[in-house]
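Student: Below is the structure I would like to discuss, written out as structure tokens.
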Amino acid sequence: MRSLLRIIIIYHFQILFVILEVISISLLLNHNNFQKARFLNITQSITGRIYDKIDNTTAYLSLKKTNYRLSEENAKLKNILERTYRSDELFFFGESDSIHHQHYFYTSAKVINQTVNKQHNFLTLNKGSDVGIRPEMGVVSPNGVIGIVVGVSKQFSTVISLLNLDFRVSAKLEKNNYFGSLHWDGKDYRKVKLDEIPYHIDVNVGDTVITSGYSSIFPEGIIIGTVSNSEVKGGNFYEIEIDLSVDFKSLVYVELIGNLQRKEQIELEELGND
Amino acid sequence: MINPVSRNIFRMFILILFQVLVLNNIQVSGYINPYMYVLFILLLPFETPRWLLLISGFAIGISIDLFANTPGMHASATVFMAFLRPYVLNLFMPHDEYEPGSYPRIYYYGFTWFLKYSLVLVFLHHTFLFYVETFRMTFFFHTMLRVLLSTLFSVFLIILSQFFIYRKQK
Chain X
21 MRSLLRIIII YHFQILFVIL EVISISLLLN HNNFQKARFL NITQSITGRI
71 YDKIDNTTAY LSLKKTNYRL SEENAKLKNI LERTYRSDEL FFFGESDSIH
121 HQHYFYTSAK VINQTVNKQH NFLTLNKGSD VGIRPEMGVV SPNGVIGIVV
171 GVSKQFSTVI SLLNLDFRVS AKLEKNNYFG SLHWDGKDYR KVKLDEIPYH
221 IDVNVGDTVI TSGYSSIFPE GIIIGTVSNS EVKGGNFYEI EIDLSVDFKS
271 LVYVELIGNL QRKEQIELEE LGND
Chain A
150 MINPVSRNIF RMFILILFQV LVLNNIQVSG YINPYMYVLF ILLLPFETPR
200 WLLLISGFAI GISIDLFANT PGMHASATVF MAFLRPYVLN LFMPHDEYEP
250 GSYPRIYYYG FTWFLKYSLV LVFLHHTFLF YVETFRMTFF FHTMLRVLLS
300 TLFSVFLIIL SQFFIYRKQK
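Line by line, the protein sequences are chains X and A.
Residue 48 in our numbering sits at position 28 of the first sequence, with consecutive numbering throughout.
Residue 299 in our numbering sits at position 150 of the second sequence, with consecutive numbering throughout.
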């Protein structure tokens with residue numbers, strides 16, 4: 021027993037090193053599985069508050085651009101308002117129970133912190149569970165897909181960015197509906213990769229890529245970007261490079277998408293799996 | 150004269166804030182991410198007990214992690230670096246010994262000594278950090294390039310800060 025103590029005292033430096041490394045690596049591994057972002061909920065309310073303060077001051081710098089973008093989007097929304105169309109009773113029949121048919125709902129939030137230069141990028145938003153934000157809600161901007169909510173505290177939420185090596189989303193080519201898996205390769209914050217598109221179909225530079233709507237997180241048809249390069253690599257699939265339509269470096273306001281029928285869809289799909 | 154403990158704690162907070170609020174928002178061409186907070190470990194006094202070295206490495210690493218949403222990543226890299234610091238100090242020992250009452254600064258041991266010392270430790274830290282961050286070997290050379298460029302940039306910032314802040318210190 022005494023010799024054991026002596027060994028511990030002599031090698032306390034090495035032993036402590038191993039202990040601390042084990043602690044941090046296990047933190048890292050648990051976190052990498054990005055659904056388990058619970059750890060953040062505790063610390064987020066502190067770091068979120070600091071980021072919020074700083075953002076309040078820096079937001080002025082991009083005020084002009086933000087205003088322009090918001091007014092542009094307002095105009096777009098006004099264009100699709102019902103009253104700008106001539107209503108035709110044959111097609112627009114009254115539906116009093118609107119709740120039942122609403123599939124997705126939107127809510128806006130402000131980005132108070134984000135990174136684009138890491139391999140695993142995240143965003144922090146200024147809304148949290150107090151206003152109904154839940155994990156696994158989709159996040160989009162007027163220009164396209166941003167990411168998915170992973171952690172929620174009372175007033176803040178973290179979002180795993182499209183620019184994250186762990187991020188996968190199902191996407192398709194708009195013109196012919198062939199779908200594949202979209203991911204980021206960690207190199208350029210303006211480009212992502214689309215895999216699993218079979219090589220017999222025709223892919224051209226400039227083709228639009230949109231969300232497929234299979235994941236129950238994003239509705240179908242949200243723009244992601246345009247094809248900038250495609251090559252057949254190895255087997256029977258294309259490796260397609262996509263120019264993102266979102267500029268992650270100038271994000272200020274984003275929209276969160278909740279799927280009202282997500283639970284029903286997932287329950288049904290799991291029923292099929294068993 | 151402020152006592153060395155509170156001075157080091159103060160330095161730690163300044164470096165964390167500088168890293169999180171300024172440097173984390175800097176990206177040059179997608180390859181260079183400077184991590185200057187390791188300066189804290191570099192500047193700890195020679196007499197720091199070795200267990201305290203590891204604990205402070207863990208403390209500053211985990212604080213950076215909390216802000217960057219990467220629990221464990223910076224902590225593991227900084228602990229690794231703190232672990233190697235005594236060996237690197239031994240490696241670059243001038244003549245006989247480090248004089249008592251002196252600090253690891255340019256002022257005491259000269260520019261070349263400090264450059265070698267920080268270059269080696271920052272390189273080790275960045276190598277560990279970037280490979281843990283990528284966590285796969287497929288981008289080996291791409292990651293290597295990022296390590297090398299970021300190391301140069303971080304060391305540049307560290308040396309620069311030494312000239313700015315410790316210029317007048319006796």
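Ideal placement from N, C-alpha and C gives every residue a C-beta, glycine not left out.
Find the residues of chain A that neighbour residue 32 of chain X, judging by a C-beta separation of less than 9 Å, and give them in chain order.
Tutor: Neighbours of residue 32 of chain X on chain A, chain order: 199, 200.
Student: Assess contact between the region 178-197 of chain A and the region 158-170 of chain A, defined as three or more Cβ pairs (one per stretch) separated by less than 8 Å. Is contact present?
Tutor: Cβ pair count under 8 Å is three or more, so yes.
Student: Taking only three categories from DSSP, how would you classify residue 173 of chain A?
Tutor: Correct three-state label for residue 173 of chain A: helix.
Student: In whole angstroms, what is the alpha-carbon distance linking residue 297 of chain A and residue 201 of chain X?
Tutor: Answer to the nearest angstrom: the Cα atoms are 32 Å apart.
Student: Could you spell out the range, first to last residue, of the alpha helix (DSSP H) harbouring residue 142 of chain A?
Tutor: With chain A covering 150 to 319 only, the question about residue 142 of chain A has no answer from this structure.
Student: Per the contact definition of three or more C-beta pairs closer than 8 Å, is the region 216-225 of chain A in contact with the region 129-149 of chain X?
Tutor: Taking 8 Å as the limit for Cβ pairs, the verdict is that the region 216-225 of chain A does touch the region 129-149 of chain X.
Student: Relative to the C-alpha of residue 279 of chain X, which residue among X/95, X/235, X/246, X/74 is closest?
Tutor: Selected option, being the one with the closest Cα: X/235.
Student: Spatial neighbours of residue 194 of chain A within its chain, please: CB distance less than 7 Å, with the 5 preceding and 5 following residues excluded, ordered by chain position.
Tutor: Around residue 194 of chain A: 153, 252.
Student: Can you list the residues of chain A that residue 37 of chain X reaches, using a CB-CB cut of under 7 Å?
Tutor: Those within 7 Å of residue 37 of chain X in chain A are 203, 228, 232.
Student: List the whole-angstrom C-beta distance separating residue 160 of chain X from residue 38 of chain X, where the pair is believed to meet the contact cut-off of C-beta under 8 Å.
Tutor: Their Cβ separation, rounded to whole angstroms, is 45 Å, which puts residue 160 of chain X and residue 38 of chain X out of contact at 8 Å.
Student: Below 9 Å on C-beta distance, what does residue 225 of chain A contact in chain X?
Tutor: Here the neighbours are 40, 41, 43, 44, 45, 47, 48.
Student: Of all the options A/270, A/311, A/313, A/312, which has the alpha carbon lying nearest to the alpha carbon of residue 299 of chain A?
Tutor: When only C-alpha atoms are compared, the closest one is A/270.
Student: Between which two residues does the beta strand (DSSP E) holding residue 181 of chain X run?
Tutor: Start and end: 177-184.
Student: Verify the CB distance criterion: does residue 276 of chain A have a CB-CB separation below 9 Å to chain X?
Tutor: False, the Cβ-Cβ gap to chain X never drops below 9 Å.
Student: Ignoring anything shorter than 4 residues, give me the alpha helix (DSSP H) runs that lie fully in the region 177-210 of chain A, in order along the chain.
Tutor: List check, alpha helix (DSSP H) in window: 188-192.
Student: If the cut-off is 9 Å on Cβ atoms, which residues from the region 227-248 of chain X count as contacting chain A, listed in chain order?
Tutor: From the region 227-248 of chain X, no residue has a Cβ closer than 9 Å to chain A.
Student: Closest to residue 308 of chain A by CA distance: which of A/235, A/256, A/294, A/264 is it?
Tutor: The candidate whose alpha carbon is nearest that of residue 308 of chain A is A/264.
Student: Can you confirm whether residue 111 of chain X, when its beta carbon is compared against all beta carbons of chain A, has any partner nearer than 9 Å?
Tutor: Model confidence at residue 111 of chain X stands at a pLDDT of 47, short of 50, so the residue's coordinates are unreliable; what they give is reported in the following sentence. No, residue 111 of chain X lies away from the interface with chain A (no Cβ there is under 9 Å from its Cβ).
Student: For the beta strand (DSSP E) containing residue 248 of chain X, name the first residue and the last one.
Tutor: That run of the beta strand (DSSP E) goes 243-252.
Student: Counting only C-beta atoms, is residue 291 of chain A closer than 9 Å to chain X at any point?
Tutor: Interface residue, yes.
Student: Any Cβ of chain X within less than 9 Å of the Cβ of residue 282 of chain A?
Tutor: For residue 282 of chain A, the answer is yes, since a Cβ of chain X falls inside 9 Å of its Cβ.
Student: Strictly below 7 Å CB to CB, what residues from chain X border residue 294 of chain A?
Tutor: By Cβ distance, chain X contributes nothing, its closest Cβ being about 11 Å from residue 294 of chain A, past 7 Å.
Student: How would you label residue 184 of chain A, buried or exposed, when you count the other beta carbons within 10 angstroms and need 16 or more for buried?
Tutor: Its Cβ being crowded by 16 or more others within 10 Å, residue 184 of chain A is buried.
Student: Along chain X, in chain order, which residues have C-beta atoms closer than 8 Å to that of residue 167 of chain A?
Tutor: What residue 167 of chain A touches in chain X: nothing, since even the nearest Cβ is about 13 Å away.
Student: Name the residues in the region 74-97 of chain X whose C-beta lies less than 8 Å from a C-beta of chain A; which are they?
Tutor: The residues in question are 74.
Student: Does chain A have any CB closer than 9 Å to the CB of residue 193 of chain X?
Tutor: Answer no: the Cβ-Cβ gap between residue 193 of chain X and chain A never drops below 9 Å.
Student: Assuming residue 158 of chain X and residue 245 of chain X are in contact, meaning their beta carbons sit under 8 Å apart, how far apart are those beta carbons, in whole angstroms?
Tutor: Actually they do not touch by this definition, with Cβ atoms about 16 Å apart.
Student: Tell me residue 143 of chain X's beta-bridge partners as DSSP assigns them.
Tutor: The partner list for residue 143 of chain X (beta bridge, DSSP) reads X/134, X/179.
Student: If you measure beta-carbon to beta-carbon, which residues of the region 154-184 of chain X are closer than 7 Å to chain A?
Tutor: Residues 178.
Student: Taking C-alpha atoms, which residue in X/284, X/228, X/70, X/181 lies nearest to residue 249 of chain X?
Tutor: It is X/228.
Student: If we ignore side chains and look at the alpha-carbon of each, how far apart do residue 239 of chain A and residue 47 of chain X end up?
Tutor: Roughly 32 Å separates the two Cα atoms.
Student: Considering only the alpha carbon of each residue, which of X/166, X/145, X/152 lies closest to residue 210 of chain X?
Tutor: Out of X/166, X/145, X/152, X/166 has the C-alpha closest to the C-alpha of residue 210 of chain X.
Student: By a C-beta neighbour count over all protein chains shown, 10 Å radius and 16 as the cutoff for buried, is residue 40 of chain X buried or exposed?
Tutor: Answer is buried; the Cβ neighbour count reaches 16.
Student: When the Cα atoms are used, what is the spatial distance from residue 150 of chain X to residue 277 of chain X?
Tutor: Taking the straight line from one Cα to the other gives about 16 Å.
Student: Excluding the 5 residues flanking residue 137 of chain X on each side, which residues of the same chain have their C-beta closer than 8 Å to its C-beta?
Tutor: Excluding sequence neighbours, residue 137 of chain X sits near 209.
Student: Are the CB atoms of residue 212 of chain X and residue 264 of chain X within a distance shorter than 9 Å?
Tutor: Yes; because the gap between Cβ atoms is below 9 Å, this pair is in contact.
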